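Trainee: Residue -13 is where the sequence shown starts when you use our numbering, and the numbers rise one by one after that.
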Amino acid sequence: MAQNPLAVPTVLEESEIQRLLLSGYASLPYGQIFLFTIHDSARFSDWLEQHSLDLSYGGPTAAHEHSRLNLAFTYAALELLGLPSTTLEQFPLEFQQGPLSPRRLRILGDTGSSSPSEWHWGGPDDPEVHLTLLLYAKDLTILEKREKELSFHTSGLKLIQKSPAHLDPEHKDHFGFKDGIVQPQLRERSPRGPAENILPSGEFILGYHNAREEYPASPSVQDRQDPDHNLPEHRATPGAKDFGCNGSFLVYRQLKQNVTEFWDFLENKAAELPEKEKDATWLAAKMVGRWPSGAPLTLSPDQDDPNQLEGPNDYFSYAEKDPDGLRCPFASHVRRSNPRDALYPNAALSTQFTRLHRIIRRGRPYTLGEEKGLNFLCFNADIANQFEFIQHDWMNNPKFADVLYDESDPISGYQDPKHPELTHNFSIPGKPLRTRVSGLPRFVDVRGSAYFFMPSRKALHFLISLQNRKTPQSAW
């Protein structure tokens, strides 16, 4: 992490930041996520310049009031578009490698039925993913109209896949549980809510201080490589231009949800429970950590109660309300993905530690034929320390929180195909005895995965200028 030799910005430059970073577009319930490979970079650059005004940024905007468009690039795309090698090599290794590398596959647990050979896109035999376009609209008519207006046939792009991304009216996923609860708020946007949920913007957006009061690493460009002065001064490296400023890393994972298997399994297991009043919904809530309405078990342990949702921040303390996991099990999905103040050695240090590993989620359900799942999207300034840490150290870790020994996340956790004899287990603490559920199958399978960088407005114009200048890479 780079230290701070320059003044720390106290206000977000929202007009430079692609709007999806700042908004989940709840008022635009219909969406489409496109994946492309660039087969003609010159034509694509012309198309991008032509449609650059269609992109949505923060702050006031008059264009396309009832739809929004955002885009992001993989490392391979930035290389193809001519970003200087001295800049490319400054991107973090995880972004350069992408999720298909052997190391990242191990970290993420993408094995067995989630291995790349099973993916719809992004696998070793699939076309290389270069670009994602994310289009959102007020209704289906506007969505289809905007797609036609983008004139992809002239773009120099080849479509790999498009996935619908429509919000459920109750914001529920295909398992039937409300999703997208507890999003961190950005300190520089004058947020309201508990301090524990307000984070510095640098946790998610390059060019601002993070929770360590440092600038996240951001790739720079030499001043002479930006003769048109598209880029801002680098806040952490005086004398350089900042390509990453006001951008963020976007993780996209297409996750198939095995809905029928999920509820069939829970029905069968619920029938075996000694307490007959505990049904499949109760057991599912224990695995998720919330009731279908989104009400947290920590506040409503015995029955669903939508009144227990505490607004958009939904703050509560595990250490105060549920230190022994008797309400919300330690192994539950929401407790693992955001442990809050429940980690060793104490609540204060746990809260501080958890703040270093948050993400902003922008996922939406999809239906493709008979397949149902989640378009998982998240923003972070440090993929390895945020998304990958959560997935590897919290979700897939069988020894999570120093109280578990052989349990990964019950909803989307890792199962080792080399050791099928090791069953996937889930424990529900109780007095005097815990309830043990064994033999969990994998309820969520990866069907595609890619790491993207979502650039700022100025960085996008810099990329366009590279093609317009057609400067040979060797000249840099």
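Positions of the beta carbon are idealized from the N, C-alpha and C atoms, including for glycine. All values reported here derive from a predicted model rather than from experimental measurement.
From D300 to I167, what does the alpha carbon distance come to, in whole angstroms?
Mentor: Taking the straight line joining both Cα atoms gives about 7 Å.
Trainee: Pull up the distance between the alpha-carbon of E199 and that of S176, whole angstroms please.
Mentor: 18 Å
Trainee: Using the three-state DSSP reduction, which class does L(-2) fall into: helix, strand or coil?
Mentor: Shown here, L(-2) sits in coil according to DSSP, grouped into three states, outside any helix or strand.
Trainee: Please return the same chain residues whose Cβ sits closer than 7 Å to the Cβ of A370, not counting the five positions on each side in sequence.
Mentor: P78 and E80
Trainee: By the three-class DSSP mapping on this structure, what secondary structure does V207 have?
Mentor: strand
Trainee: Within 10 angstroms of the Cβ of E(-1), are there 16 or more other Cβ atoms? Answer buried if so, exposed if not.
Mentor: buried
Trainee: By DSSP, does D112 sit in helix, in strand, or in coil?
Mentor: In the displayed model, D112 falls within coil according to three-state DSSP, outside both helix and strand.
Trainee: What number of angstroms, rounded off, separates the C-alpha of P331 from the C-alpha of A317?
Mentor: 18 Å
Trainee: Am I right that V432 and W107 are in contact with their C-beta atoms under 8 Å? What's the rounded C-beta distance?
Mentor: Contact doesn't hold; Cβ gap of about 11 Å is too wide.
Trainee: Output the distance between the C-alpha atoms of W249 and E258, rounded to the nearest integer angstrom.
Mentor: 14 Å
Trainee: I414 and H319: beta carbons closer than 9 Å?
Mentor: no
Trainee: Please report the straight-line C-alpha distance between A445 and N383, rounded to a whole angstrom.
Mentor: Each residue's Cα considered, the two are about 38 Å apart.
Trainee: Tell me which residue opens and which closes the beta strand (DSSP E) that L354 is part of.
Mentor: R350 to L354
Trainee: Short of 7 Å in beta carbon distance, which residues of its chain neighbour R420, apart from the five on each side in sequence? Order them along the chain.
Mentor: For R420, where only same-chain residues beyond five positions count, the Cβ hits under 7 Å are S413 and I414.
Trainee: Looking only at its chain, what residues have a beta carbon closer than 8 Å to the beta carbon of A367, apart from the 5 residues adjacent to it on each side?
Mentor: G188, E189, F190, I191, L192, N196, P202, S234 and F235
Trainee: Decide yes or no for the touch test of the segment 424 to 440 against the segment 93 to 105: beta carbon pairs closer than 8 Å, at least 3 of them.
Mentor: yes
Trainee: Please classify D392: does DSSP put it in a helix, a strand, or coil?
Mentor: coil
Trainee: Quick one: Cα of A63 to Cα of T246, how far?
Mentor: 38 Å
Trainee: Which residues does DSSP list as the beta-bridge partners of E306?
Mentor: Answer by DSSP bridge pairing: none, since E306 is not bridged.
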